[in-house]
Amino acid sequence: MGSHPLNLVFRFLLELMALASFGLWGWKQYDGWLRILFTIGIPLALAIIWGTFAVPNDPSRSGRAPVVTPGIARLILELSFFGFAIWVLSDIGRNRLSLIMGAAVLLHYLLSYDRIIWLLRNK
Numbered sequence: 021m022g023s024h025p026l027n028l029v030f031r032f033l034l035e036l037m038a039l040a041s042f043g044l045w046g047w048k049q050y051d052g053w054l055r056i057l058f059t060i061g062i063p064l065a066l067a068i069i070w071g072t073f074a075v076p077n078d079p080s081r082s083g084r085a086p087v088v089t090p091g092i093a094r095l096i097l098e099l100s101f102f103g104f105a106i107w108v109l110s111d112i113g114r115n116r117l118s119l120i121m122g123a124a125v126l127l128h129y130l131l132s133y134d135r136i137i138w139l140l141r142n143k
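Plus 20 on top of the position in the sequence shown (first one is 1) and you've got this note's numbering.
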């Protein structure tokens with residue numbers, strides 16, 4: 021189910037929501053030029069990290085791996101990425117949205133159990 025097209029769209033939407041959350045958090049943290057820097061810089065930096073560290077032949081991605089990463093490391097990266105998104109939403113007072121995001125991430129990983137097993141086996 022992890023590579024089912026509907027689940028991949030769902031995952032992509034979760035990724036976009038996480039990046040938007042990072043930008044909103046950056047906006048709320050500072051004023052002036054730092055506000056602009058953090059609103060753009062935090063999501064950009066995290067998107068680069070997200071796209072760079074990959075497991076070769078990951079069926080939920082293009083299959084390419086700019087920086088080859090073991091499956092467990094990729095899983096930790098993903099859980100940290102989404103966990104940070106959930107936390108930033110809570111930190112800026114968007115508690116309901118934080119709960120929705122958390123539930124959506126949990127649902128995604130429950131549906132992607134086969135991918136999680138694959139990641140854990142991929143060294």
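Ideal Cβ placement from N, Cα and C applies to all residues, glycine included.
Treat the numbers as computed from the prediction; the structure is a model and nothing was measured.
Between the beta-carbon of residue i and the beta-carbon of residue j, is there less than 8 Å?
i	j	result
G91	W138	yes
G52	I62	no
I136	M121	no
A93	L34	no
L126	S118	no
T89	F101	no
F32	H128	no
Which residue marks the beginning of the alpha helix (DSSP H) containing residue i, and which one marks its end?
i	result
S23	It is not in any alpha helix (DSSP H) - S23 carries neither H nor E in the DSSP assignment.
S110	91-111
R116	115-131
Give a yes or no on whether 8 Å exceeds the smallest Cβ distance from residue i to chain B.
i	result
I56	As a matter of chain content, chain B is missing from the structure shown, which is built from one protein chain.
Count the other CB atoms within 10 Å of the CB of residue i; is the residue buried (16 or more) or exposed (fewer)?
i	result
L26	exposed
S41	buried
A38	buried
S132	buried
D199	Since the first and last residues shown for the chain are 21 and 143, residue 199 lies out of range.
V87	exposed
L36	exposed
L140	exposed
Leaving aside the five residues before and after residue i along the sequence, list all residues of the same chain whose C-beta is less than 6 Å from its C-beta, in chain order.
i	result
T59	G43, G46, W47
N142	V75, G91
L95	L139
Closer than 7 Å by C-beta to residue i: which residues in its own chain qualify, once you throw out the five before and the five after it? Chain order, please.
i	result
Y50	F58
A67	L39
L97	F73
Once you ignore the five residues that flank residue i on each side, which residues in its own chain have a CB closer than 8 Å to its CB?
i	result
N115	L109
If you scan the segment 29-82 from start to end, which runs of the alpha helix (DSSP H) of 4 or more residues do you find wholly inside it?
Counting only runs of 4 or more, we get 52-72.
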